[in-house]
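So the protein sequences, as listed, match chains R and P. With my numbering applied, the first sequence covers 1 to 364. With my numbering applied, the second sequence covers 1001 to 1364. Idealized CB from N, CA, C, for every residue including glycine.
2 protein chains.
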Amino acid sequence: MTKDNTDKLALEKLNQLGKELMDQLDRKEAPSLKIPSRSRSNVEFDQEKEIIDITGKKSTRSFINASHVRKFMQTLLVAQASEEYIKNGRTVGKRELYYNLKHKLTGTNRNTWDDDDESSAVIDDLEAILDIPRSQLHISAKSRGSIYGDITLKQAGDEFSCKGLGKGGWAIPGNVEDVEIMDYNAERILFIENDAMQSRLIEEKAYKSLNALLVTGEGVPPRGVRRFVKKLSEETKLPVIVFVDGDPYGFYIHSVIKHGSMAIAHINDRYSIPRAKYIGMTMDDIDKYELHNVTEHLDKGAREKLKHNLSYEWFKYHPEWVDQMKKMQKKGVRIEQQALANKSLEFVADTYLPEKLENEEFLP
Amino acid sequence: MTKDNTDKLALEKLNQLGKELMDQLDRKEAPSLKIPSRSRSNVEFDQEKEIIDITGKKSTRSFINASHVRKFMQTLLVAQASEEYIKNGRTVGKRELYYNLKHKLTGTNRNTWDDDDESSAVIDDLEAILDIPRSQLHISAKSRGSIYGDITLKQAGDEFSCKGLGKGGWAIPGNVEDVEIMDYNAERILFIENDAMQSRLIEEKAYKSLNALLVTGEGVPPRGVRRFVKKLSEETKLPVIVFVDGDPYGFYIHSVIKHGSMAIAHINDRYSIPRAKYIGMTMDDIDKYELHNVTEHLDKGAREKLKHNLSYEWFKYHPEWVDQMKKMQKKGVRIEQQALANKSLEFVADTYLPEKLENEEFLP
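Below, the structure written as structure tokens:
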């Protein structure tokens, strides 16, 4: 979708919401909103769509209910502001929105909100009500991470390439809804956990030798990066290959990229990429590439994370993931991406990744 | 300095180090290294240079001292590897170096090192011995942060502009030693704490209206970003204006940019920018711009940080900083950059920054 189309859709949805409330008033009903329940108990793994989703359960937020009225007001406050942001072509951060809309309510000594937990919850609610990601309401995510590769993008009237940028890439902004893909020459998107590994692959000119767009979210990717890769993958149809540390955190990052997160279960379908594949690191790599001397001990936090992973439905859904977790538990070690440097600096770009890509040696 | 020159200098220094050790052996002396002491007790604020520095005190690391020999070996291991990295035109991350050089010592069951605290300490030692930043030894910092503005850079054979990149900028890589400035059109460098504020200023096209290069290190800037701005400021002679939250962390970030940090006191002169100025946020902004309703309570952590700040020599050196800390302590509040959105989204770009720049309303 182009920027104009997403803006148009968002405005339509916001107008529809306003219209419904006006209709209720016309019918002399108390205005109320139907809000899909985002509570953890309402989150489930949808095996058909292969995403972490919410069930259909909804709650009602009513203007004339004393315990609802504050949140009701806040919801409309954000809806109204979003309309304004879209019309003015501005995008705000969450924290910026919090400050932008914080003010004393007329005739009272009370604020619209007192901390940004309140505004954040309402932004999530509005996403769930309208079924569009917050970025389409012009509320942006944290800008972090970058892309390097042979792709030409267009945003805000600028057309630019993501290669030929020295050793850095294009810094992925917090809102990518209006990014258009003009042209690209790549066979895959490589979603890399560590920025240092991306740096290695940039230096080895792996974008060329692996025909890959090199993206990193610098650890757990923020929403902006996930939305960006989701858009890339949808519009180019390129496979998404996830390259993370062989540890409970790496697998968790992969699970978030592939199936989404519990925190945004109400809108995961706009972020998650069920067909993403896991290239490494795996527990089997340790034997295959003789990396025994560069494993690291699984500490207490990692062991806890591992147990949590094993308890999730979407982990149990993949016997290959469970197998990796069990091997990790048994060996008591983890293996980082950068441990491959023990073979040689170029090993990852010259041997490890090309071999696995060639043989399609992936986990789901 | 161009890349070739910094490489040449580093190789000369490494060779000199090797030559000294060889000379010692020729003289039948036990090989030993003189290492500037990096211990906290050896750190002081140099009022003349206006940087946090180490005193001249040195310690000796000897090959024939049983408690030195391991570190001695590690120091030479990194020196040797650096030479190789430079000659091969490769740059490694700290963690990558750790793995790259971890191996069993011949004829023993012991590793060159067992965790990266060991390799990190030795990298710092080598910086201190050779008096060049690790990036010139081709050991790079974390890549984080970005720049947006009217400047053309060259790195790794690529020439590129840092404007015309949509809503993102150029992702600053972990090593910027070989970045050349080809051309620029700006009157100042604006060093911004929060990436969301940089996004706001990019959206408002403030690089044009403020004639500024917009740089963010996303919080406490990593070494790569500091080194980048240091290079920019030295080669362009542009003023560096720091724009951070009005809280103990914001002031601390400013102090690190301006005077350096205790952690790398042995090499601060390659990172710190003593002539950097502080534009905001200040405690006085709260009254001047009527921001009382959007201050935040100083929590316990912030109060502790504030007390630490007040105990530092380089804070006491600036009565204006002490004054701000005292006001903050008295009011018990902090004021974030983004709180300016309470006036309007464009206020920061249209009013706040232009007014302060026009009137040169800075703290040191």
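| message | With H, G and I counted as helix, E and B as strand and the rest as coil, what does DSSP make of G145(R)? | response | The count along the first sequence starts at 1 and reaches residue 145(R) at position 145. Three-state result, G145(R): coil.
| request: List the residues of chain P that K102(R) touches, going by C-beta distances under 8 Å, in chain order. | output: As a working mapping, residue 102(R) is identified with position 102 in the first sequence. Simply N1293, V1294 and N1342.
| When the distance is taken between beta carbons, is I1147(P) closer than 7 Å to V1215(P)? | Residue 1215(P) sits at position 215 when you count from the first residue of the second sequence. Residue 1147(P) sits at position 147 when you count from the first residue of the second sequence. Yes, they are a contact pair.
| query | To the nearest angstrom, how far is it from the Cα of E296(R) to the Cα of G250(R)? | reply | The sequence position of residue 296(R) within the first sequence is 296, counting from 1. The sequence position of residue 250(R) within the first sequence is 250, counting from 1. Taking the straight line from one Cα to the other gives about 14 Å.
| said: By the DSSP assignment, the beta strand (DSSP E) with L1340(P) in it spans what residues? | reply: For this step, residue 1340(P) is matched to residue 340 along the second sequence. Where L1340(P) is concerned, there is no enclosing beta strand (DSSP E), given that its DSSP letter is neither H nor E.
| query | Is there a Cβ from chain P that is less than 7 Å from the Cβ of A81(R)? | reply | Indexing the first sequence from 1 puts residue 81(R) at position 81. Answer no: the Cβ-Cβ gap between A81(R) and chain P never drops below 7 Å.
| Where does the unbroken beta strand (DSSP E) through A1212(P) begin, and where does it stop? | Taking the first residue of the second sequence as position 1, residue 1212(P) is located at position 212. First-last of the beta strand (DSSP E) with A1212(P): A1212 to T1216.
| Taking C-beta to C-beta, are T1055(P) and N1042(P) nearer than 7 Å? | The residue labelled residue 1055(P) in the question sits at position 55 within the second sequence. The residue labelled residue 1042(P) in the question sits at position 42 within the second sequence. It is a contact, given that the beta carbons lie within the stated cut-off.
| From what residue to what residue does the beta strand (DSSP E) around I202(R) run? | Taking the first sequence and counting its residues from 1, the one referred to as residue 202(R) is at position 202. No beta strand (DSSP E) contains I202(R), which is instead part of the alpha helix (DSSP H) from D195 to E203.
| task | Tell me whether V92(R) is buried or exposed, calling it buried when 16 or more other Cβ atoms sit within 10 Å of its Cβ. | result | Within the first sequence, residue 92(R) is the residue found at index 92, counting from 1. V92(R) is buried by the Cβ-count criterion.
| By the 10 Å Cβ neighbour count, where 16 or more other Cβ atoms means buried, how is Q337(R) classified, buried or exposed? | As a working mapping, residue 337(R) is identified with position 337 in the first sequence. Looking at its Cβ environment, which holds 16 or more other Cβ atoms inside 10 Å, Q337(R) is buried.
| query | In this structure, what does DSSP give as the bridge partners for D1115(P)? | reply | The residue labelled residue 1115(P) in the question sits at position 115 within the second sequence. None; D1115(P) has no bridge partner.
| query | Are any of the Cβ atoms in chain R nearer than 7 Å to that of P1173(P)? | reply | If you number the second sequence from 1, residue 1173(P) lands on position 173. So yes, P1173(P) belongs to the interface.
| request: Would you verify that the beta carbon of T345(R) is, or is not, closer than 7 Å to some beta carbon of chain P? | output: Within the first sequence, the letter at position 345 stands for residue 345(R). Note that residue 345(R) is Leu in the sequence shown here, rather than Thr. Closer than 7 Å: yes.
| query | Does the pairing of the segment 154-161 of chain R with the segment 184-197 of chain R give three or more beta-carbon distances under 8 Å? | reply | no
| field | Proximal residues, the segment 128-154 of chain R versus chain P, C-beta separation under 9 Å | value | S140, K142, S143, R144, G145, S146, I147, Y148, L153 and K154
| task | Could you tell me if V1348(P) is buried or exposed, where buried requires 16 or more neighbouring beta carbons within 10 angstroms of its beta carbon? | result | If you number the second sequence from 1, residue 1348(P) lands on position 348. Looking at its Cβ environment, which holds 16 or more other Cβ atoms inside 10 Å, V1348(P) is buried.
| field | Neighbour flag for K167(R) against chain P, beta carbons, 7 Å | value | The count along the first sequence starts at 1 and reaches residue 167(R) at position 167. So, interface residue.
| task | For D1158(P), return the contacting residues in chain R, with the cut-off set at a CB-CB distance below 7 Å. | result | For this step, residue 1158(P) is matched to residue 158 along the second sequence. By Cβ distance, chain R contributes G164, L165 and G166.
| Exposed or buried, D1004(P), counting other C-beta atoms within 10 Å across all chains shown (16 or more means buried)? | If you number the second sequence from 1, residue 1004(P) lands on position 4. Classification of D1004(P): exposed, given that the 10 Å Cβ count is below 16.
| request: Starting from V294(R), follow the alpha helix (DSSP H) in both directions and report where the run begins and ends. | output: The residue labelled residue 294(R) in the question sits at position 294 within the first sequence. Where V294(R) is concerned, there is no enclosing alpha helix (DSSP H), given that its DSSP letter is neither H nor E.
| K300(R): first and last residue of the uninterrupted alpha helix (DSSP H) it sits in | Residue numbering aside, residue 300(R) sits at position 300 when the first sequence is read from its first letter. Counting along the chain, the alpha helix (DSSP H) containing K300(R) begins and ends at K300 to S311.
| said: Classify S1311(P): buried if its beta carbon has 16 or more other beta carbons within 10 angstroms, exposed otherwise. | reply: Within the second sequence, residue 1311(P) is the residue found at index 311, counting from 1. Exposed: under 16 other Cβ atoms inside 10 Å.
| task | Taking a Cβ distance cut-off of 9 Å, strictly less, list which residues of the segment 86-116 of chain R are near chain P, in chain order. | result | N88, G89, R90, T91, V92, G93, K94, R95, E96, L97, Y98, Y99, N100, L101, K102, H103, K104, N111 and D115
| task | Say whether chain P places a C-beta atom closer than 7 Å to the C-beta of W314(R). | result | As a first step, residue 314(R) must be located in the first sequence, where it is residue number 314. No, no contact with chain P.
| field | 3 or more residues per run - each beta strand (DSSP E) lying fully within the segment 4-56 of chain R | value | 32-36, 43-46 and 51-54
| Three-state class that DSSP yields for G246(R) in the structure shown | Residue 246(R) sits at position 246 when you count from the first residue of the first sequence. If DSSP states are grouped into helix, strand and coil, G246(R) belongs with the strands.
| query | G1374(P) and I1335(P): beta carbons closer than 7 Å? | reply | Beyond the ends of chain P as shown, which are 1001 and 1364, falls residue 1374(P); an answer cannot be given.
| chain R contacts made by the segment 1064-1077 of chain P, where a contact means CB separation under 9 Å | none
| field | Closer than 7 Å to chain P by CB, A30(R) | value | Against the first sequence, residue 30(R) aligns to sequence position 30. By this cut-off, A30(R) is not an interface position.
| Quick one, which residues of the segment 1183-1215 of chain P are near chain R if we go by CB-CB under 9 Å, in chain order? | N1194, D1195, A1196, M1197, Q1198, S1199, R1200, I1202, E1203 and E1204
| query | the segment 215-244 of chain R: which residues have C-beta closer than 8 Å to a C-beta of chain P, in chain order? | reply | E218
| Residues of its chain near G1174(P), where Cβ-Cβ distance is below 7 Å and the 5 sequence neighbours each way are ignored | Taking the first residue of the second sequence as 1, we reach residue 1174(P) at position 174. Around G1174(P): G1093, S1140, A1141, K1142, S1143 and G1224.
| request: For T282(R), name the three-state secondary structure that DSSP assigns. | output: Looking up residue 282(R) in the first sequence gives position 282. Looking at T282(R) - three-state DSSP - the assignment turns out to be coil, as it is neither helix nor strand.
| query | Which partner residues does K277(R) have in the DSSP bridge list? | reply | As a working note, residue 277(R) is residue 277 in the first sequence. In DSSP, K277(R) forms a bridge with I241(R).
| Delimiting residues of the beta strand (DSSP E) encompassing Q155(R) | As a working mapping, residue 155(R) is identified with position 155 in the first sequence. Its beta strand (DSSP E) spans residues I151 to Q155.
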